[in-house]
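Notes to accompany the following structure.
Number of protein chains: 2
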Amino acid sequence: MAGVSPAAASNLAQQTPSPFSFSVASTRWSSRPSIHLSNVFLRFLALVFSFVSALSLAAVSPNKETQFTDYPEFIYCFIVSILSFIYSVFQLFKGICDIAHRGILMSDMISDYTSFILDQLVGYVLISSSSMAIPVIRHAQLTGSLWRAAITSTTISFVTSLIFATCTLLSGYKLCKRIIW
Amino acid sequence: MAGVSPAAASNLAQQTPSPFSFSVASTRWSSRPSIHLSNVFLRFLALVFSFVSALSLAAVSPNKETQFTDYPEFIYCFIVSILSFIYSVFQLFKGICDIAHRGILMSDMISDYTSFILDQLVGYVLISSSSMAIPVIRHAQLTGSLWRAAITSTTISFVTSLIFATCTLLSGYKLCKRIIW
Numbered sequence: 001m002a003g004v005s006p007a008a009a010s011n012l013a014q015q016t017p018s019p020f021s022f023s024v025a026s027t028r029w030s031s032r033p034s035i036h037l038s039n040v041f042l043r044f045l046a047l048v049f050s051f052v053s054a055l056s057l058a059a060v061s062p063n064k065e066t067q068f069t070d071y072p073e074f075i076y077c078f079i080v081s082i083l084s085f086i087y088s089v090f091q092l093f094k095g096i097c098d099i100a101h102r103g104i105l106m107s108d109m110i111s112d113y114t115s116f117i118l119d120q121l122v123g124y125v126l127i128s129s130s131s132m133a134i135p136v137i138r139h140a141q142l143t144g145s146l147w148r149a150a151i152t153s154t155t156i157s158f159v160t161s162l163i164f165a166t167c168t169l170l171s172g173y174k175l176c177k178r179i180i181w
Numbered sequence: 001m002a003g004v005s006p007a008a009a010s011n012l013a014q015q016t017p018s019p020f021s022f023s024v025a026s027t028r029w030s031s032r033p034s035i036h037l038s039n040v041f042l043r044f045l046a047l048v049f050s051f052v053s054a055l056s057l058a059a060v061s062p063n064k065e066t067q068f069t070d071y072p073e074f075i076y077c078f079i080v081s082i083l084s085f086i087y088s089v090f091q092l093f094k095g096i097c098d099i100a101h102r103g104i105l106m107s108d109m110i111s112d113y114t115s116f117i118l119d120q121l122v123g124y125v126l127i128s129s130s131s132m133a134i135p136v137i138r139h140a141q142l143t144g145s146l147w148r149a150a151i152t153s154t155t156i157s158f159v160t161s162l163i164f165a166t167c168t169l170l171s172g173y174k175l176c177k178r179i180i181w
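Chains as they are written, first to last, in UniProt numbering: chain A, 1 to 181; chain B, 1 to 181.
In structure tokens:
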């Protein structure tokens, strides 16, 4: 922008009044690596957090009287964390394949559509499951270890849903580029 | 776009293998009315549903022993419905202004960004509030009228969150067009 004349600069500002316009002004291929890398990083974070969320519920000592399986809300939370973990493993694997060999798993078009829809879906379901666990933590008489596990799992599920919300932004951006270009 | 040569047009068609490419191939202004109209329709639906969701909780007879205000989860649900109602009123008003006078409230750029962020946020918060009410409905000993009101409110909140998810897609699409064009 340093060498642009004032008239051209104001014209440019009218046409693309966006802080993200640099990634569009550059070519498609040069903007790919940074998006791919941040995508892989976010997928890795989501994978770790989903795993910890599921593990913290599953690791409650089985000798105690109350298990997390006594509460349907915690089972829901557990299943959602497991599904989110599996989905993150798949996305991480695909992301690494994309960086290494540029897409051997499925076509870019199908992958962009399914990623966007599934990211959105997993984000909503994670928010829903962590919200649903909160009243049970508040009202039910939980034992100490189950209470701690539920708090940990719910908090981490909430953070994971934020990560998926960010992934949705990235995959939505990739999808929009595909639709428009 | 009208003066594009056939070779360039076929090249463009190869690059955009998408069912939505018609709205991009046409000019920006001609694709506007349908998006604007569906936007206004969705905002109107969201407005009605948020209002009914809040009303069904507020209309529980105040003579009964238990009120919805005894349960923080229902208060959360009520507040979220009211906020979603106010936001829908604003968006509906803006949508009608856009159709009538093409934007007198705020600049298109600010409106696209805030709409996308707030739609996303309201969708997540609505999912969260309706999920949080479900365990209370299951576990707490609610009176008949409050139980019915809570079921109604939760169901309608859930439907409203689906409407907001669709609004997010529309406003995300508008935002992407702004970023890329």
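Just so you know, even glycine gets a beta-carbon here, dropped at the ideal spot from N, CA and C. The structure presented is a predicted model; accordingly, all values stated were derived computationally and were not measured.
B/Ser130 has its alpha-carbon roughly 20 Å from the corresponding atom of A/Asp119. Annotation for A/Gln91: the continuous alpha helix (DSSP H) segment containing it runs 72-101.
Residue state for A/Ala150 is assigned as helix, using DSSP reduced to three classes. The segment 156-169 of chain A makes contact with the segment 80-88 of chain A: 3 or more CB pairs, one atom from each, lie closer than 8 Å.
Within the same chain, Leu142, Thr143, Leu146 come within 8 Å of B/Thr66 by CB-CB distance, once the 5 residues on both sides are set aside. Within the same chain, Tyr71 come within 7 Å of B/Ala140 by CB-CB distance, once the 5 residues on both sides are set aside.
Two segments are said to touch when three or more pairs of C-beta atoms, one from each, lie closer than 8 Å; by this definition the segment 167-177 of chain B touches the segment 107-125 of chain B. Taking 8 Å as the cut-off, the Cβ atoms of A/Leu126 and A/Ser84 count as close. At a Cβ-Cβ threshold of 8 Å, B/Leu37 and B/Leu92 do not count as neighbours. Close CB contacts of A/Met109 within its chain, under the 7 Å cut and outside five residues either way in sequence, are with Arg178 (chain order). In this structure, A/Lys94 is the residue among A/Thr160, A/Phe44, A/Lys94, A/Tyr76 with its C-alpha nearest to the C-alpha of A/Asp112. Taking the Cα of B/Leu57 as reference, the smallest distance to any Cα among B/Tyr76, B/Leu42, B/Phe41, B/Ser107 is reached at B/Tyr76. Against chain B, the CB of A/Ser128 has a partner CB under 8 Å away; the residue lies at that interface. Against A/Met132, the close residues of chain B are Ser131, Met132, Ile134, Pro135, in the order they occur along the chain (beta-carbon pairs closer than 7 Å). For A/Cys176, the chain B residues whose C-beta falls within less than 9 Å of its own C-beta are Gly172, Tyr173, Leu175, Cys176, Lys177, Ile179, Ile180, listed in chain order. Looking at the backbone, the Cα of A/Val159 and that of B/Ala59 are separated by about 36 Å.
Cα atoms of A/Ile137 and B/Gly123: separation of roughly 24 Å, rounded to the nearest angstrom. One Cα belongs to B/Ser53, the other to A/Leu175, and the distance between them is close to 34 Å.
CA-to-CA, the gap between A/Met132 and B/Phe44 works out to about 28 Å. For the C-beta of B/Tyr124, the chain A residues within less than 9 Å are, from N- to C-terminus, Gly123, Tyr124, Ile127, Ser161, Ala165.
Here the alpha carbon of A/Ile134 sits roughly 17 Å from the alpha carbon of B/Phe78. The continuous alpha helix (DSSP H) containing B/Ser111 extends over residues 108-139. In the structure shown, B/Ala46 falls within a helical segment according to DSSP collapsed to helix, strand and coil. Its chain contains Ser56, Leu57, Ala59, Val60, Phe68 as the residues whose beta carbon lies nearer than 8 Å to that of B/Ala149, once the 5 sequence neighbours on both sides are disregarded; these appear in chain order. Short of 6 Å from the beta carbon of A/Ile82, and not among the five residues preceding or following it, lie these beta carbons of its own chain, in chain order: Ala54.
Chain B has a Cβ within less than 8 Å of the Cβ of A/His139.
Annotated three-state conformation of A/Val159 is helix, per DSSP.
The beta carbons of A/Phe49 and A/Ile151 sit no closer together than 8 Å. In the three-state DSSP reduction, B/Val60 falls in the coil class, being neither helix nor strand.
Exclusion of the five residues before and after B/Val40 leaves Gly95 as the residues of its chain whose Cβ lies within less than 6 Å of its Cβ.
By the C-beta density criterion, A/Ser107 is exposed, having fewer than 16 other C-beta atoms within 10 angstroms. In the displayed model, A/Thr69 falls within a helix according to three-state DSSP.
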